[in-house]
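Peer 1: Quick note: the sequence shown uses the working numbering, first residue 764, plus one each step.
Think of the CB as a built atom: it goes at the ideal place given N, C-alpha and C, for glycine as much as any other residue.
Model, not experiment: these values are computed from the prediction.
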Amino acid sequence: MKFSPIIIGTMRWGVWGADHSAKGVQELIETSLEEGFSTFDHADLYGNYTTEKLFGDAFSEMKIKREDVQFISKCGIQMPCKNRSYGIKSYNYSREHILKSVDQSLENLQTDYLDLLLLHRPSPLMSPDEISESFAVLREQKKVRHFGVSNFSVSQYELINDAFPLITNQVEISVNKVDAFYNGTLDQLILKKLRPMAWSVMGDYFTENSAQNIRLKTVIKDLCIKYGTEENQLLLAFLLAHPARIIPVIGTSKPKTIREFRKSLTIKMDTEDWFAILQASEGREVD
């Protein structure tokens, strides 16, 4: 599957964030496509199970060919809210739930297929065989073209991949959270010649005044001057420099910010500068 170089995350487009109208969503879609970003990341539960429909209603009114965009969605989290009567938050990867979730996402997005379906988070109760059977049905019915996971460890990925071939793992990576550089997640996908996706790519850099961020800002602000760039663009360039060919999922709900991230793709960061950011993140020299 071919993704755009930056994936547009929709989580904050609805009631969990900007609470955009259909017109606001259409502006975000138009801006994304103008910048060459044609892949849109969803999850069934975003906006208390409402954001997919918000997007689908807006997109259906636009003169955009479905084959010119890629839709990703996730399933598996059962979250109690006014739109769902679940008793507690839990995970469900039963055949019935996966198939039903995909049908609902297709209805919400007003499309015949998903380009990629991700299992949202690993469950202690997930059965590789049952998941594999569900994926096979969805592929045969042409409702989903590709399959992957999100937030899975190396062993959890292999558990599912051995039963049914996956194409990606979407995990949290940012200057604040660099675990994936060391825990084998990225190494695994490099070996398989697959590309990881990264969520929360800005981390808490702009929201927390932590000791880590104080160290990071000292380094990053100097590097912004060197590269003639903004902080958010440099934070993304840090991930893009990794040989795993990370595909960032940006979570902005502002057209201006989508436009800004285009420059991140052109920044060629020196190796020492990359390690200066890593050192600031971890608060120590590399071993």
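Specify, as a first and last residue, the run of the alpha helix (DSSP H) that residue 992 falls within.
Peer 2: Per DSSP, residue 992 lies in no alpha helix (DSSP H) and is assigned neither H nor E.
Peer 1: Of all the options 1027, 772, 974, 901, which has the alpha carbon lying nearest to the alpha carbon of residue 1042?
Peer 2: 974
Peer 1: Can you tell me where the beta strand (DSSP E) holding residue 908 begins and where it ends?
Peer 2: First-last of the beta strand (DSSP E) with residue 908: 907 to 913.
Peer 1: Taking the straight line between their C-alpha atoms, what separation do you get for residue 970 and residue 903?
Peer 2: 45 Å
Peer 1: In angstroms with no decimal places, state the Cα-to-Cα distance between residue 774 and residue 1035.
Peer 2: 34 Å
Peer 1: Do residue 895 and residue 926 have their C-beta atoms within less than 9 Å of each other?
Peer 2: yes
Peer 1: Per DSSP, what kind of secondary structure is residue 964 in: helix, strand or coil?
Peer 2: coil
Peer 1: Could you please give the first and the last residue of the uninterrupted alpha helix (DSSP H) stretch that includes residue 866?
Peer 2: According to the DSSP assignment, residue 866 belongs to the alpha helix (DSSP H) that extends over 858 to 872.
Peer 1: Measuring straight from C-alpha to C-alpha, what distance separates residue 781 and residue 1009?
Peer 2: 27 Å
Peer 1: If you draw a straight line from the alpha carbon of residue 791 to that of residue 798, how long is it in whole angstroms?
Peer 2: 11 Å
Peer 1: Between the Cα of residue 1039 and those of 935, 983, 1026, spot the shortest distance and give me the residue it belongs to.
Peer 2: Residue nearest to residue 1039 within the set 935, 983, 1026 is 983 (criterion: CA-CA distance).
Peer 1: May I ask you to check if the CB of residue 1009 is nearer than 8 Å to at least one heavy atom of the ligand HEM?
Peer 2: The ligand HEM is not part of the structure shown, which contains no ligands of any sort.
Peer 1: Just to confirm my understanding: we take residue 873, look at its own chain, exclude 5 residues before and 5 after, and list those with CB closer than 6 Å. What are they?
Peer 2: 819, 823
Peer 1: Roughly how many whole angstroms lie between the Cα atoms of residue 951 and residue 1016?
Peer 2: 32 Å
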